[in-house]
Structures are given as structure tokens and as C-alpha cells.
Amino acid sequence: MLNPIYNALQKPQLYTKTNTPFWNDEYISKQMLQAHLSPDFEGASRKLSFINQSVEWIAQTVSPKNHPLLIDIGCGPGIYAERFSQKGYQVTGIDFSKRSVDYARKSANEKGLSIEYIFQNYLDMGIEQTFDFATMIYCDYGALSDIDRKRIMMKSYHCLRQGGKFLLDVFSMAKYNLFQEKQIWEVCPNNGFWREDKYIALSGYYKYPPNVSLEQIAIISEDTVTPYYLWTTYFSTASLIQEAEEVGFKVCNIFSDVAGTSYSDNSLTLAILLEK
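Just add 493 to the spot in the sequence shown (first one is 1) and you have the working numbering.
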């Protein structure tokens, strides 16, 4: 048992991907959905009060009257998508968590909202329809590798009509500078986040200069050792603008968040509004 543990705790190469698709694991995906739906927890979605404020600002800034067809990339259980629909957008949501998409479809049906949800990895997005507006919210963009970020930026560009807008947010270099390297462990008797039965979680938090961090979690259960890698890339305004302009986007504006707060160098997030 020592060798699997030893191997799972080794610091991986930059952007090493988790072998196990935990977002569709029967147990873990249930915990993730609960985290998304908690109104006061920011581990998966932002607090509900911020989401409502954000949607109000987005609808004023990119009006559904002028940009009616919206695609929500990484829509999760439809928290933003439903509010966009209620504001008058014609919404399509795409996500690679089946549990989240199933929940979103059921919730939209119960509320009488006409939202199309697609269960698909957005990196493989091959939608023939074009849209007026695309969103990618809660720093999903920075969870991707350099190659995958370019891929989704290009796919987002090509799925928009000329003049279409793209809004996304990321964590800033100010957030990276606050990141502390550490190692911690946790004993979970039952019904923890990662397993239904008892397990031990060994977590390492590491910086990969100049702008990437890793949360590495090794789950040790009765007879298995499973490592998970949660990457975050952090951005300056210049580095984010460069990635957008490389595929052809024009920059409309930079904000501190997707609620339209004026940009500050001290902000822990930054949001960018782009135009094709």
C-alpha cells in the first residue's frame, strides 16, 4: 500500500490531469451538486446574493433585446441559466456533469423555463447554432491548461455571430500572491465529500511560478489510493487580454468581477467583456 500512497503524493508535472472523472462519479457528483445549490457557500458557485446582483448587471450591460441568444458555458445545475432565461435571453447551457445537467433540465421544466441543456464536455463543443452572447462564469477558464484554454477561447469565438459578446472571469495575480503552500490531512469517518465510507485525505497546496497553483488531494480508502488535481491559472489584465486577442476577440472592458465592479489591481478576480 505504501507505493500507491507515495506515488499519489508526488508533485505532478504542470497541468497533469486527474485520471478519474470525479464530476460524474455517482457519489462525488452528488456532493458537488449540493455545494452548487448552497446559497451561502462559495466552494462551487458564488453566494446567491452575488449571483442575483451579477445577473442584473449583465442584463443591463449586454441587453437580451440586442443579444438574445445566450450560451452558458459550464452551466452546472443552471443557477445562472435560469436567471438569464427569466431576464429574457434564449438560453442554451452546456456542461460535462450529467448530474448537474439532469438537475438543470428538471428544474427548468418545473419552472416553465425554455432552456436547452447539452450534456457535453465544452472542450468538444460542436454546436452548429451561432449565438449573440456567451458566458463562462466562476473562473472556470483558469481551471484549464494552456492548450485547453486556447481551445475553448477559439470555440467560443467561432460559436458567436459577428458583434457577439463573451463574458468570463478569472482569478487575478493578487489572488496568486496570497496563495500559501501547505500540506494538510483529514480523517473522514463517513459521508465526507470524496467518499461515502471512511477515508483519509492528504492534501498539498503548491505554487507553480509564475502564475499557477495546484490543490492536490490523495484519497486513501480501504483498498484504493486516488489522486485528484485541481489546477488554477491566475491572470494579469495583460495576460488575459493577450489570450483573447490571439483568437480575434476585441476587448470591450475589464472589471473586478461579473457584477461590474470597477477594476482594481487589488481585486482577487477580474472579468473581461469581449466582442467578436
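Each residue gets a CB set at the ideal place from its N, CA and C atoms; glycine is no exception.
{"Asked": "Kindly indicate if chain B contains any beta-carbon less than 9 Å away from that of Glu674.", "Found": "Here chain B cannot be found, since the structure has a single protein chain."}
{"Asked": "Between the alpha carbons of Arg644 and Leu507, how many angstroms are there, rounded?", "Found": "18 Å"}
{"Asked": "Could you tell me whether the region 584 to 598 touches the region 553 to 571, where touching means 3 or more Cβ pairs closer than 8 Å?", "Found": "yes"}
{"Asked": "Taking DSSP as the reference, what is the three-state secondary structure of Leu733?", "Found": "helix"}
{"Asked": "Could you tell me if Thr628 is buried or exposed, where buried requires 16 or more neighbouring beta carbons within 10 angstroms of its beta carbon?", "Found": "buried"}
{"Asked": "If the criterion is Cβ atoms closer than 9 Å, does the pair Thr554 and Tyr721 meet it?", "Found": "no"}
{"Asked": "Since I believe Gln676 is in contact with Gly657 (beta carbons under 8 Å), could you give me their beta-carbon distance rounded to a whole number of angstroms?", "Found": "The pair is not a contact, with the Cβ atoms about 45 Å apart (cut-off 8 Å)."}
{"Asked": "Would you mind sorting Asp625 into buried or exposed? The rule is 16 or more other CB atoms within 10 Å of its CB.", "Found": "buried"}
{"Asked": "Would you call the region 629 to 640 and the region 712 to 728 touching, i.e. three or more CB-CB distances under 8 Å?", "Found": "yes"}
{"Asked": "Note down, in chain order, each residue of its chain lying with its Cβ closer than 7 Å to the Cβ of Trp516, except the 5 sequence neighbours on either side.", "Found": "Ser522, Met525, Phe589, Ser590"}
{"Asked": "Only counting the same chain, and skipping five residues up and downstream in sequence, which positions put a Cβ closer than 7 Å to that of Val548?", "Found": "Tyr573, Arg576, Phe577, Lys580"}
{"Asked": "To the nearest angstrom, report how far apart Ala667 and Glu739 are at their CA atoms.", "Found": "24 Å"}
{"Asked": "Let me make sure I understand the geometry here. Which of Phe659, Phe742, Ser714, Glu679 has the alpha-carbon closest to that of Ser556?", "Found": "Phe659"}
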